[in-house]
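Protein chains: 2
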Amino acid sequence: MPRSVNEFGLISKYFTPLTNACAGALGLTDDAALVSHEPGYEIVVTCDALVCGVHFRSEDEPEDVAARALRVNLSDLAAMGSRPVSYLLALAAPAGITETWLERFVAQLALDQKTYQLNLIGGDTVMTPGPLTLSITALGRIPKGQALTRAGAKAGDRIFVSGNIGDASLGLKLLRGELESLTKTQATGLKTRFLRPEPRIALGQALIGIAHAVTDVSDGLVADLGHICALARVGAQLNVSSIPLSTGARAALDMAPDLLPNFLSFGDDYELVFTAPAAARDALARIASSTGVMITEIGEVVDTPGVVVLDTDGSEIRIQKAGYQHF
Amino acid sequence: MPRSVNEFGLISKYFTPLTNACAGALGLTDDAALVSHEPGYEIVVTCDALVCGVHFRSEDEPEDVAARALRVNLSDLAAMGSRPVSYLLALAAPAGITETWLERFVAQLALDQKTYQLNLIGGDTVMTPGPLTLSITALGRIPKGQALTRAGAKAGDRIFVSGNIGDASLGLKLLRGELESLTKTQATGLKTRFLRPEPRIALGQALIGIAHAVTDVSDGLVADLGHICALARVGAQLNVSSIPLSTGARAALDMAPDLLPNFLSFGDDYELVFTAPAAARDALARIASSTGVMITEIGEVVDTPGVVVLDTDGSEIRIQKAGYQHF
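Printed below as a string of structure tokens:
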């Protein structure tokens, strides 16, 4: 951090504008922020930490770091069916960080705030001798008692997923210089899917009263579905042929069929995976149409615990590594 | 982190018990937590990040790290006049951290939760190649429209501070092996004051409707009072002879009078400094009595901007470094 800028200068220059003068932020001049909400609503709150070299790459652009840090939190809000309202940012910055980096980081936060309709209301900026570390706490609102959770899956429920699965795993491979034979358009699309997750906020809200259990695909489709199953002491059967794949992912799979398990175990797609009764199919088709987000039925909730992935011939595909392990 | 423990195991073993099964935490099995509150209240939210080697020492006991991380946040809630309700913990842990360390860390959090009446409702645990980094977001509640802020000081207001000032600066010196001539009792007391800040929660709540402007002494008395003055475009005159000092601090000052500026510029006392009209003196005396927290009048708010510290003869004492600079 440039020595010419002290913490208060830094806050007023870079972070206060991100409050958009919303009342609760108190201009970031106070010890804490205020959050009020209308009667009949409750607040949803989530917190994700990202460490440079672990959750993003040191060569990532500041815009990508900003977008990722905010959006992984918004994805959690989406999975609960809530609408984003505000967030707090704790930034532990190494001495080498420049004002240019900060300017670009903050500019992307401003763009994302506009897209997802929320404001910064607080946080902390500190120095670290270690890698850049970001911790965001995001707050959303939801009608009281309506929050979607991971619990509630029932045997017989169908399993649905939004968007495509596997793009993020390919995007990371491409960023690492692998998979060179894809077209430039395909490669760019996949990289963007990794670098700029799209929280499914409108979809999450639309699933209230329809989905039985919801989570976002952050650890890997099989692992995240496993969490849903474990909570309800049920299992899941996924049909591999139903897993929605992008054109780029299909092209990659044609060249290297052994990529498939990676699609199912790699997190970071930030799609929503959820269970709902078969009778909800029509409603889900309407929601897909109104939100512009594809929804695909990929399997069924069963009594037997565990997540099983079935090949087109009914045989089981073994997924060695179910999902991302944080430790 | 021991490789035998994955993130979900870690959460259920160490962190889920800290929720005390409160409803909003959803057993820490979900993407986010829920916060509801009674009509007529709003939520106060604050976030502080602590980095090993910057905000605490690598040799600090896990209990001290836990207490410090939680209490500096609670001090912010206290300064707003709010009552703690819940918190989220983002823990970025280096590979070397042991289960024993975690057990002790969590045990202290449990103790502090009981003392300050709040529960863990969420967070994140990640690995870092850097130093242990903790980011806590604490939530409190306050009657709507009643929050105390740093703004609102008026010329003619008296300036008050809780407890004693300077102890934390001495505590750190003692932990570093300096100031050897103090008695063991004095030394222990001062070290504790540095290691275990005491958020003035009851006092903060009692100041609602009485104080015009409040903050906690985290950056240094002069610096923190400077923030209050800057917001109201006023100044402050402090009488050095009025600054409340503990027996240990007085003994240290007798031996080394040049320690005084350090008392006024070193943060970490986590006392409340506030302005109130002179007419509030009686009410404040009653509050001191009911909360058991000493309140001392130390100066006056004046029209001329800037914080001036006056010696007993009326001359100005120069404070070279007004407070802790985070960058």
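Protein sequence lines correspond, in order, to chains H and Z. Residue numbering for the first sequence follows our numbering, starting at 1374 and increasing by one per position. Residue numbering for the second sequence follows our numbering, starting at 1374 and increasing by one per position. Every residue gets a Cβ at the ideal spot worked out from N, C-alpha and C, and that includes glycine.
Per DSSP, which one or two residues make a beta bridge with Z/P1457? Z/G1513
Contact residues within the stretch 1488-1499 of chain H, judged by C-beta distance below 9 Å to chain Z: I1494, G1495, G1496, D1497, T1498, V1499
So the alpha helix (DSSP H) Z/R1623 belongs to, where does it begin and stop? 1620-1628
Among Z/D1449, Z/A1656, Z/V1646, the one whose alpha carbon lies nearest that of Z/G1711: Outside the shown range of chain Z (1374 to 1700) lies residue 1711 of chain Z, about which nothing can therefore be said.
H/E1476 to H/L1507 span [Cα, whole Å]: 16 Å
Under 7 Å by beta carbon: chain H residues contacting Z/C1420: L1461, A1463, G1495, G1496, D1497, T1510
Are the C-beta atoms of H/G1413 and some chain Z residue less than 7 Å apart? So, not an interface residue.
If we count the other Cβ atoms within 10 Å of its Cβ and call it buried at 16 or more, is Z/M1702 buried or exposed? Absent from the structure is residue 1702 of chain Z, since the part of chain Z shown begins at 1374 and ends at 1700.
Exposed or buried, Z/E1689, counting other C-beta atoms within 10 Å across all chains shown (16 or more means buried)? exposed
Considering only residues of the same chain and omitting the five flanking positions on each side of H/H1585, which have a CB-CB separation below 7 Å? G1525, A1526, K1527, D1530, T1648, A1649
Chain-ordered neighbours of H/G1679 on chain Z, where CB pairs are closer than 9 Å: By Cβ distance, chain Z contributes nothing, its closest Cβ being about 16 Å from H/G1679, past 9 Å.
If you measure between the beta carbons of H/T1588 and Z/D1404, is that distance less than 7 Å? yes
Pairing CB atoms from the stretch 1432-1439 of chain Z with CB atoms from the stretch 1514-1525 of chain Z, are three or more of them under 8 Å? no
Suppose the cutoff is 6 Å on Cβ atoms and the five residues either side in sequence are ignored; what does the same chain contact list for H/P1717 look like? Outside the displayed range of chain H (1374 to 1700) lies residue 1717 of chain H, so it cannot be described from this structure.
Does Z/P1630 pass the burial test, meaning 16 or more other C-beta atoms within 10 Å, or should it be called exposed? exposed
Would you list the residues sitting across from Z/Y1745 in a DSSP beta bridge? It is not possible to answer for residue 1745 of chain Z, since the shown part of chain Z is limited to 1374 through 1700.
Work out the CA separation of Z/G1426 and Z/T1471 for me, nearest whole Å. 18 Å
At what residue ranges does the stretch 1636-1691 of chain H contain a whole run of the alpha helix (DSSP H), taking only runs of 4 or more? 1654-1664
Whole angstroms are fine: how far does the CA of H/D1449 sit from the CA of H/L1464? 20 Å
Identify the contact partners of Z/K1517 in chain H, using a Cβ-Cβ distance below 8 Å as the criterion. The answer, in chain order, is S1409.
Segments of 3+ residues assigned as beta strand (DSSP E) that fall wholly inside the stretch 1471-1503 of chain H: Listed in chain order, they are 1492-1500.
Cα-Cα separation, Z/L1580 to Z/G1496: 31 Å
Under the DSSP definition of a beta bridge, which residues are partnered with H/C1425? Answer is H/F1429, bridged to H/C1425.
With DSSP run on the structure shown, which of helix, strand or coil describes Z/C1395? coil
Judging by CA-CA distance, which residue of H/N1379, H/S1455, H/Y1387, H/G1382 is the nearest neighbour of H/P1572? H/S1455
Flag this pair as yes or no: are the beta carbons of Z/A1609 and Z/L1598 separated by less than 7 Å? Z/L1598 is positioned such that its CB atom lies closer than 7 Å to that of Z/A1609.
Find the residues of chain H that neighbour Z/D1449, judging by a C-beta separation of less than 9 Å, and give them in chain order. D1403, D1404, A1405
Those residues which DSSP pairs with H/Q1610 across a bridge: H/E1673, H/V1681
Sort Z/G1621, Z/L1484, Z/D1684, Z/L1576 by Cα distance to Z/T1669 and report the nearest one. Z/L1576
Straight-line CA distance for H/T1685 to H/S1615? 9 Å
To the nearest angstrom, report how far apart H/D1642 and H/L1563 are at their CA atoms. 11 Å
Does the beta carbon of H/P1504 come closer than 7 Å to any beta carbon on chain Z? yes
Using 8 Å as the cut-off, can you tell me whether the stretch 1621-1628 of chain Z makes contact with the stretch 1497-1505 of chain Z, which would need three or more C-beta pairs spanning the two stretches below that distance? no
So, helix, strand or coil for H/V1408, using DSSP? Reduced to three states, the DSSP call for H/V1408 is strand.
What does H/V1417 touch in chain Z if you count any residue whose Cβ is under 8 Å from its own? For H/V1417, the neighbours in chain Z by C-beta distance under 8 Å run, in chain order, A1405, A1406, L1407, V1408.
How long is the line joining the alpha carbons of Z/R1430 and Z/P1570, rounded to whole angstroms? 15 Å
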